[in-house]
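Okay, structure first, notes after.
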Amino acid sequence: MMNALEEAIVELAVPVLDGRGLELVDIETSRKGKRLWLRLFIDRKDRSSGGVTVNECGDANLALSDVLDAEDLIDSSYTLEVSSPGVNRRLRFPEHFRERLGEKVFVKARRPMEGRKNFKGTLVAAGDAAIEIEIDGTRFEIGYEDIARAHLEYSFD
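With the first letter of the sequence shown counted as 1, position 70 gets the number 56 in my numbering; the numbers rise by one all the way through.
Below, the structure written as structure tokens:
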């Protein structure tokens, strides 16, 4: 779940990225001493021509930095990083899972389920409350609230 600062940043970032044909895939915030580290992971809305480029990340970083500074949303010094989510992109929201049906995923559960916390298999369903992963012919249902972390499991085969 996002904290209040992350939610406010998302509200500012989405229109800036939309205007560039980009989407916000994920956001992370952390503190190191008094400094806030803000990481935004972006991608192209239309991925048919490939993923986001380094130049697009740089342009988005400048535009987002200007908006964040103008809104004075962050009350301390911060470092903004804008990058691609990479091939093993994190899956965080239900729509992320719905877009990746049929793909290999890794899910770490918050608590043991059916004797395990780690699930690596094919994403076969993504509803409003849960996902289903098929591993060696067996399906496992995991509620979104039970997912500690999930990402695509890219194979270099």
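We put the CB at the ideal spot given by N, CA and C, even for glycine.
For residue i, the nearest candidate out of the options (CA to CA)
i	options	result
Asp32	Glu85, Ser51, Arg25, Ser63	Glu85
Leu10	Ser69, Asp61, Met99, Asp58	Ser69
Tyr140	Tyr130, Gly36, Glu127, Val73	Val73
Ala95	Arg75, Ser16, Ser63, Gly129	Gly129
Val2	Glu81, Leu26, Arg125	Leu26
Arg75	Gly37, Leu(-9), Gly5	Gly37
Those residues which DSSP pairs with residue i across a bridge
i	result
Gly129	Ala116
Ile60	The partner list for Ile60 (beta bridge, DSSP) is empty, contrary to what the question assumes.
Counted within 10 angstroms of its Cβ, other Cβ atoms place residue i as buried (16 or more) or exposed
i	result
Val40	exposed
Phe79	exposed
Asp122	exposed
Range of the contiguous alpha helix (DSSP H) that encloses residue i
i	result
Val53	40 to 57
Pro80	80 to 84
Alpha-carbon spacing of residue i relative to residue j, whole angstroms
i	j	result
Arg102	Leu48	43 Å
Glu118	Ser34	27 Å
Val(-4)	Ile13	8 Å
Ser62	Asp55	11 Å
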